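Engineer: If you count the sequence shown from 1, position 181 lands on 189 in the numbering used here, and the numbers rise without skipping.
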Amino acid sequence: MSQASSVAPPRAFQDELNPFLSMAKGFDTAAEHLGLDEGFREVLRRPDRELTVAIPITMDDRTLRVFTGYRVQHNFTRGPCKGGIRYAPDVNLDEVRALAAWMTWKCAVVDIPFGGAKGGVICDPRQLSQGELERITRRYTASIMDILGPDRDVPAPDVNTNEQTMAWIMDTYSMHVRRTTTAVVTGKPLSIGGSRGRTEATGRGVMLICREALKKIGLRPEKTRVVVQGSGNVGGIGAMLLHREGYKVISLSDMYGAIVNPDGLDVPAVLAHLKKTKKLEGFPGAKALANDGAQLELDCDVLVPAAVENQITSKNADRIRAKLIVEGANGPTTFAASEMLDKRGVVVVPDILANAGGVTVSYFEWVQDRMGYFWTEERVNSSLEQIMVKSFHDVDQVAQKYKVSLRIAAYILAIDRVAATYRLRGLFA
Ligand code: NAD
9 MSQASSVAPP RAFQDELNPF LSMAKGFDTA AEHLGLDEGF REVLRRPDRE LTVAIPITMD
69 DRTLRVFTGY RVQHNFTRGP CKGGIRYAPD VNLDEVRALA AWMTWKCAVV DIPFGGAKGG
129 VICDPRQLSQ GELERITRRY TASIMDILGP DRDVPAPDVN TNEQTMAWIM DTYSMHVRRT
189 TTAVVTGKPL SIGGSRGRTE ATGRGVMLIC REALKKIGLR PEKTRVVVQG SGNVGGIGAM
249 LLHREGYKVI SLSDMYGAIV NPDGLDVPAV LAHLKKTKKL EGFPGAKALA NDGAQLELDC
309 DVLVPAAVEN QITSKNADRI RAKLIVEGAN GPTTFAASEM LDKRGVVVVP DILANAGGVT
369 VSYFEWVQDR MGYFWTEERV NSSLEQIMVK SFHDVDQVAQ KYKVSLRIAA YILAIDRVAA
429 TYRLRGLFA
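1) Work out the CA separation of Q237 and A314 for me, nearest whole Å.
2) For R79, name the three-state secondary structure that DSSP assigns.
3) Got a sec? Which residues, its chain only, sit under 6 Å from G128 by beta carbon, not counting five neighbours each side?
4) Have a look at Q4 and I267 and give me their C-alpha separation to the nearest angstrom.
5) State buried or exposed for R219, treating a residue as buried only when at least 16 other CB atoms are found within 10 Å of its CB.
6) Please tell me whether E250 and M215 are closer than 7 Å, where the distance is taken between their beta carbons.
7) Between A277 and I245, what straight-line distance do the alpha-carbon atoms span, to the nearest angstrom?
8) Would you decide whether H281 is buried or exposed? Buried here means 16 or more other CB atoms lie within 10 Å of its CB.
9) Excluding five sequence neighbours on each side, which residues of the same chain lie with their C-beta closer than 7 Å to the C-beta of V475?
10) Provide the residue span of the beta strand (DSSP E) that contains Q237, from first to last.
11) Buried or exposed: where does P292 fall if 16 or more other Cβ atoms within 10 Å of its Cβ makes it buried?
12) Within the present structure, is the beta-carbon of G240 separated from the nearest heavy atom of ligand 1 by less than 6 Å?
13) For D262, report the span of its beta strand (DSSP E) as first-last.
14) Between which two residues does the beta strand (DSSP E) containing L297 stretch?
15) Cα-Cα, which of V193, V312, T188 is closest to A247?
16) Counting contacts by CB-CB distance shorter than 7 Å, is E317 in contact with chain B?
17) Reducing DSSP to helix, strand and coil, say where Y381 ends up.
18) Which first and last residues belong to the beta strand (DSSP E) in which P163 is found?
19) Quick check on the DSSP output: the alpha helix (DSSP H) that includes L216 runs from which residue to which?
20) Got a sec: does ligand 3 put a non-hydrogen atom nearer than 6 Å to the Cβ of T321?
21) Using the C-alpha atoms, what's the distance from R378 back to A12?
22) Consider the C-beta atom of N170 and the heavy atoms of ligand 1; say whether any pair is separated by less than 6 Å.
23) Taking its Cβ as the centre, do 16 or more other Cβ atoms sit within 10 Å of Y464, making it buried, or is it exposed?
24) Quick check on T321: buried or exposed, where buried means 16 or more other Cβ atoms within 10 Å of its Cβ?
25) Grouping DSSP H, G and I as helix and E and B as strand, with all else coil, what is P133?
26) Please tell me whether V192 and P158 are closer than 7 Å, where the distance is taken between their beta carbons.
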């Protein structure tokens with residue numbers, strides 16, 4: 009969390025910030041609405057497989073260090089597992105478990121034939137050279153490769169991993185199985201089996217979901233003030249696409265702070281400044297804000313948290329002024345905060361729907377790799393649009409039927425789809 013405090017939070021607040029408990033609350037509420045029996049709840053709540061590996065590496069100075077890596081496969085009833093790999097100092101098993109479960113529900117919400125997984129390595133990429141990162145990636149891949157594969161589990165980039173990381177994973181896997189296997193990962197560079205439109209896919213999905221949700225609220229783009237937290241792959245590209253559609257993006261942020269202009273930012277110029285200086289700070293024609301949570305409380309119509317988890321909590325939910333929140337990040341709103349926002353009539357489009365554009369185009373990438381035939385960008389974008397728009401309306405219909413928030417509706421839709429597959433397949437052994 010950015011709003012760090014020197015005083016340890018009390019137990020209840022610590023639990024509120026635990027992503028696995030947050031996911032479990034959403035799951036239990038939805039399971040209750042579905043009348044799911046206890047046995048099914050137990051099966052669907054528990055990850056199918058958890059692997060912890062030691063990753064010994066020779067550092068550039070010839071010393072040896074051992075890193076810890078995880079791969080959690082939450083559920084593969086609907087197809088191979090799918091989910092990103094993140095590199096960060098605070099990676100932990102509970103977080104990886106929650107993110108893996110969210111992937112199961114996310115793939116089911118957009119109705120693509122995957123289960124959910126997630127991986128992570130405890131490391132600080134800013135302290136590592138390219139060579140050290142490559143060795144960590146290759147050894148981690150070799151250690152988990154028995155459970156990877158185009159028909160088993162297909163990783164993708166997440167926080168602090170990128171196209172290059174995916175290229176190393178693809179190569180390591182391919183060298184072991186003695187054939188080039190591009191479909192083992194998605195989010196690869198175009199030249200080795202990546203998909204057109206993948207880089208922008210999550211931001212594009214966020215833009216499409218904003219459009220559909222705002223139609224319900226009755227706001228037109230040119231009248232809509234948007235605040236975006238984060239300016240990376242999801243936030244930066246999402247803001248750019250929203251700007252292009254005519255929305256007034258009044259604030260953007262990065263890990264160092266935010267910039268604000270109530271008349272609307274020139275987003276392409278902001279992103280060019282960020283590319284050049286590596287910081288938003290110093291962008292001319294905008295006021296600077298510290299990274300203390302104030303950005304989230306700005307007067308606006310739409311808030312897109314697209315940075316990290318646990319940004320909107322019970323401590324600041326009552327001060328959020330947006331009418332609509334579209335979750336670009338995974339887990340940016342705690343379950344307790346989500347309930348407070350529901351009570352105040354703030355519409356929250358949950359992560360498992362709002363940021364599903366990335367995994368949807370990852371699915372297209374996997375399909376293209378297996379076909380050996382690559383689509384045009386127009387085909388990728390229009391197929392993505394069809395899925396995002398349909399999924400938003402599917403979730404909205406469930407919300408109306410059960411009289412629940414979009415978050416609970418998304419869980420209901422996803423759990424029902426996974427449970428239906430379970431019933432059809434039955435249990436082996
Ligand atoms: P990124 O690394 O490209 O960008 C992250 C942005 O957040 C950067 O601008 C960074 O400066 C900012 N940031 C980091 N820590 C912050 C903090 N404490 N306070 C404010 N800003 C902070 O990452 P990304 O790929 O854009 O992912 C962002 C979120 O979206 C993550 O939760 C990720 O799991 C989720 N997500 C990403 C994708 C994808 O396709 N990239 C898909 C689905 C979900």
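Heads up, the beta-carbon is just placed ideally off N, CA and C, and yes, glycines get one too. Bear in mind that the values here come from a model prediction, so they are computed numbers and not experimental data.
Structural biologist: Here's the rundown:
1) Spanning the alpha carbons of A314 and Q237 requires a straight line of approximately 5 Å.
2) Judged by DSSP in its simplified three-state form, R79 adopts strand.
3) A distance below 6 Å between beta-carbons, with the five flanking residues on each side excluded, links G128 to the following residues of its chain, in chain order: Y78, R94, V99, V104.
4) The shown model of the chain, from 9 to 437, leaves out residue 4, and the question about it has no answer.
5) So R219 ends up on the buried side.
6) Per the sequence shown, the amino acid found at residue 250 is Leu instead of Glu. Yes.
7) So the two alpha carbons sit approximately 13 Å from each other.
8) So H281 ends up on the buried side.
9) Because the chain here runs from 9 to 437, residue 475 falls outside it and cannot be looked at.
10) DSSP places Q237 inside the beta strand (DSSP E), whose first and last residues are 233-237.
11) Burial is judged here by how many other beta carbons sit within 10 angstroms of a residue's own beta carbon; P292 has fewer than 16 and is exposed.
12) Flag set: Cβ of G240 near ligand 1.
13) Element bounds for D262: 256-262.
14) Counting along the chain, the beta strand (DSSP E) containing L297 begins and ends at 295-298.
15) Relative to A247, the option among V193, V312, T188 whose CA is nearest is V312.
16) In the structure shown, chain B cannot be found, because there is only a single protein chain.
17) Three-state result, Y381: coil.
18) Start and end: 161-165.
19) Looking at the DSSP string, the run of the alpha helix (DSSP H) that includes L216 is 206-225.
20) Among the ligands present in this structure, namely ligand 1, ligand 3 is not found.
21) Note on A12: pLDDT 43, under 50, position unreliable in the model; the coordinate value appears next. Computed Cα separation, rounded: 45 Å.
22) Answer for N170: no, Cβ out of range of ligand 1.
23) This structure does not reach residue 464, given that the chain is present from 9 up to 437, and the question cannot be answered.
24) Its Cβ being crowded by 16 or more others within 10 Å, T321 is buried.
25) In the structure shown, P133 sits in a helix (DSSP, three-state: H, G or I).
26) Yes, the Cβ-Cβ distance between V192 and P158 is below 7 Å.
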